[in-house]
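In the UniProt record's numbering, the protein residues as written are 1 to 179.
Ideal placement from N, C-alpha and C gives every residue a C-beta, glycine not left out.
Quick caveat: nothing in here was measured; it's all calculated off a predicted structure.
Working notes for the structure below.
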C-alpha cells in the first residue's frame, strides 16, 4: 500500500490560495467596472451641465433680441444696459465658467453685440449715419453672431446635423427585407 507524499495541510493551503486569488480577481474586476461607471456618469454630467447652460444662454439671447426688436418696432426706447445685464448675467456666468475657449469667445461676442444695442446709440465719428439705421444694422448682425456661437456649441458637444446611420440587424432578417 502506497501512501501519498502530500502533507495533510497541502489541500487546505491550495484551497485558500485559490480562494484568495479568486477574491482578488473579483475585487479587481469590480474596481475596474466601478471606475468605468463613474467615468461614464462624470462624462454624462459634463455633457448635461454644458448643454443646459448653453441652452439657457441661447434662450436668454433670443429673448433679449426679441425684446429689442419689439421695442424698436413700437418706437419705444430699448431697455437699459443694466436691465440687460440683470437678465443675461445668470445665464452667462455658467457658460463663462464651464465652456471651452471658442464657445466662451462666441458667447461673449453675442453678449457684447447685445450690450452695445442696449446702450446709447451714438455713432460718433461716422458722418451721415442716423442712430436708427445704425441700431437696425447692429440688430441684423445679432443672428449671425449667434450662429457662430451655436456652431461652437455644436462642435464642443459633438452635435451632428445629420441623424446617425441605422445599424444592420444581427440576425440577417433585415438584410433579407432590404434586398
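Going by the beta-carbon positions, is the gap between residue i and residue j smaller than 7 Å?
| i | j | result |
| --- | --- | --- |
| residue 91 | residue 56 | yes |
| residue 95 | residue 61 | no |
| residue 156 | residue 105 | no |
| residue 167 | residue 145 | no |
When DSSP labels each residue in this structure, what does residue i get in the three-state scheme?
| i | result |
| --- | --- |
| residue 77 | coil |
| residue 5 | coil |
| residue 159 | coil |
| residue 99 | coil |
| residue 166 | coil |
| residue 137 | helix |
| residue 52 | helix |
| residue 115 | helix |
| residue 150 | helix |
Using a Cβ-Cβ cut-off of 6 Å (strictly less than) and excluding sequence neighbours within five positions of residue i, which residues of its own chain qualify?
| i | result |
| --- | --- |
| residue 50 | 98 |
| residue 53 | 94, 95, 98 |
| residue 138 | 117 |
| residue 152 | 102, 103, 106 |
Would you report the Cα separation of residue i and residue j, rounded to the nearest angstrom?
| i | j | result |
| --- | --- | --- |
| residue 70 | residue 63 | 11 Å |
| residue 107 | residue 46 | 18 Å |
| residue 13 | residue 41 | 42 Å |
| residue 148 | residue 161 | 15 Å |
| residue 32 | residue 11 | 32 Å |
| residue 136 | residue 73 | 10 Å |
| residue 8 | residue 43 | 54 Å |
| residue 158 | residue 21 | 43 Å |
| residue 163 | residue 48 | 20 Å |
| residue 16 | residue 154 | 56 Å |
| residue 81 | residue 67 | 13 Å |
| residue 119 | residue 76 | 14 Å |
| residue 150 | residue 25 | 47 Å |
Run the CB neighbour count on residue i, radius 10 Å, all protein chains shown included, and call it buried at 16 or more, exposed below.
| i | result |
| --- | --- |
| residue 18 | exposed |
| residue 29 | exposed |
| residue 142 | buried |
| residue 78 | buried |
| residue 23 | exposed |
| residue 88 | buried |
| residue 35 | exposed |
Short of 8 Å in beta carbon distance, which residues of its chain neighbour residue i, apart from the five on each side in sequence? Order them along the chain.
| i | result |
| --- | --- |
| residue 125 | Here the model assigns residue 125 a pLDDT of 47, short of 50, so the residue's position is not dependable and the matter cannot be decided. |
Does any CB atom of chain C fall closer than 7 Å to the CB of residue i?
| i | result |
| --- | --- |
| residue 163 | Absent from the structure: chain C. Only one protein chain is present. |
So is the beta-carbon of residue i under 6 Å away from any non-hydrogen atom of the ligand COA?
| i | result |
| --- | --- |
| residue 119 | Absent from the structure shown: the ligand COA. Ligands present: none. |
Can you give me the Cβ contacts of residue i inside the same chain, cut-off strictly under 7 Å, excluding the 5 residues immediately before and after it?
| i | result |
| --- | --- |
| residue 179 | The predicted model places residue 179 with a pLDDT of 49, which falls under 50 and marks its position as unreliable, so this point remains unresolved. |
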